[in-house]
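Numbering (UniProt numbering), first residue to last: 1 to 191. No residue lacks a Cβ here, since even glycine has one placed at the ideal position from N, Cα and C.
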Amino acid sequence: MTDRSTDRFAQYPLDKAHRLFEPGPVVLVSTADGQRVNLMTNGFNMPVRHSATLALVVGPWDHSFTALRDTGECVIGIPGRELLETVVDIGNVSGADVDKWERYGLTPAPAATVRAPLVAECFANVECTVADDRLVDDYSLWLLRIERAWIDPAAPAGAEVHHRGDGTFSANGELIDLRARMTKWEALTRD
Ligand SMILES: Cc1cc2nc3c(=O)[nH]c(=O)nc-3n(C[C@H](O)[C@H](O)[C@H](O)COP(=O)(O)O)c2cc1C
1 MTDRSTDRFA
11 QYPLDKAHRL
21 FEPGPVVLVS
31 TADGQRVNLM
41 TNGFNMPVRH
51 SATLALVVGP
61 WDHSFTALRD
71 TGECVIGIPG
81 RELLETVVDI
91 GNVSGADVDK
101 WERYGLTPAP
111 AATVRAPLVA
121 ECFANVECTV
131 ADDRLVDDYS
141 LWLLRIERAW
151 IDPAAPAGAE
161 VHHRGDGTFS
171 ANGELIDLRA
181 RMTKWEALTR
191 D
């Protein structure tokens, strides 16, 4: 059963927000252009700093591109396995044609720092502003600053799902704990 309440979200520390993206999740990008809210699916994303900076590919082929460019803001929702079919459908239609929130029964919830809404059904959401758009023209690559991060503390470790790049996906199975071997990077392993 998908949880639609955002009451369950707790703030996630920004200096640990990279942990949400290091596993390579397929994500939903939420935007608001002042008139409508939209959602798109994204697989090309990565953390680039421990201090809450993300790289995200959103191209001019996406309707979301204009809202991201004009507002400089978005929310990235991280869905679990139960949303995966919906996530794929969202990446196969344009917000220029349909209200994807309504069509797919997703719930926009107010964010704290940006106008784009959180996706209530995702187990984590991060509120972002554009930090650097110098690579957008050449690579459709946006550098984003995470302003606020939220997580459902009850979500299991490894709740995210991964796109293998060809329409097949993997969900996490075994969690392998090698924290004891992270001798040089011990600080990263602390709660
Ligand atoms: C699994 C999956 C991953 C995708 N990853 C990306 C991506 O990383 N960057 C991108 O620009 N589009 C990506 N797309 C395509 C967009 O989600 C798609 O163009 C979508 O229709 C855009 O919605 P919009 O036009 O309402 O913005 C992906 C689609 C799918 C199904």
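- Item | Inter-stretch contact at 8 Å, needing at least 3 Cβ pairs: the stretch 9-23 / the stretch 44-62 | yes
- Can you find at least 3 beta carbon pairs, one from the stretch 118-133 and one from the stretch 70-83, that sit closer than 8 Å? yes
- If you pair each beta-carbon of the stretch 112-120 with each one of the stretch 60-74, do three or more pairs fall below 8 Å? yes
- Whether residue 145 touches residue 55 by CB criterion (8 Å): Here residue 145 corresponds to residue number 145 of the sequence shown, with the count starting at 1. Here residue 55 corresponds to residue number 55 of the sequence shown, with the count starting at 1. Not a contact, by the Cβ cut-off of 8 Å.
- Query: Is the Cβ-Cβ distance between residue 154 and residue 12 less than 8 Å?
  - Reply: Residue numbering aside, residue 154 sits at position 154 when the sequence shown is read from its first letter. Residue numbering aside, residue 12 sits at position 12 when the sequence shown is read from its first letter. Result no, Cβ atoms of residue 154 and residue 12 do not sit closer than 8 Å.
- Task: Could you tell me the distance, in whole angstroms, from the CA atom of residue 101 to the CA atom of residue 156?
- Result: One-based indexing of the sequence shown puts residue 101 at position 101. One-based indexing of the sequence shown puts residue 156 at position 156. So the two alpha carbons sit approximately 25 Å from each other.
- With respect to 7 Å, is the separation between the Cβ of residue 162 and the closest non-hydrogen atom of ligand 1 below this value? Position 162 of the sequence shown, counted from the start, is the residue given in the question as residue 162. No, the Cβ of residue 162 stays beyond 7 Å of every heavy atom of ligand 1.
- Have a look at 31, 119, 177 and flag the residue whose alpha-carbon is nearest the alpha-carbon of residue 96. Residue mapping note: residue 96 aligns to position 96 of the sequence shown, counting from 1. Cα-wise, what sits closest to residue 96 is 31.
- Message: Can you give me the C-alpha to C-alpha distance between residue 1 and residue 89, rounded to a whole angstrom?
- Response: Position 1 of the sequence shown, counting from 1, holds the residue named residue 1. Position 89 of the sequence shown, counting from 1, holds the residue named residue 89. Confidence is the limiting factor: at residue 1 the pLDDT is only 45, short of 50, which leaves the residue's position unreliable, though a coordinate-based value still follows. Cα-Cα distance, rounded: 19 Å.
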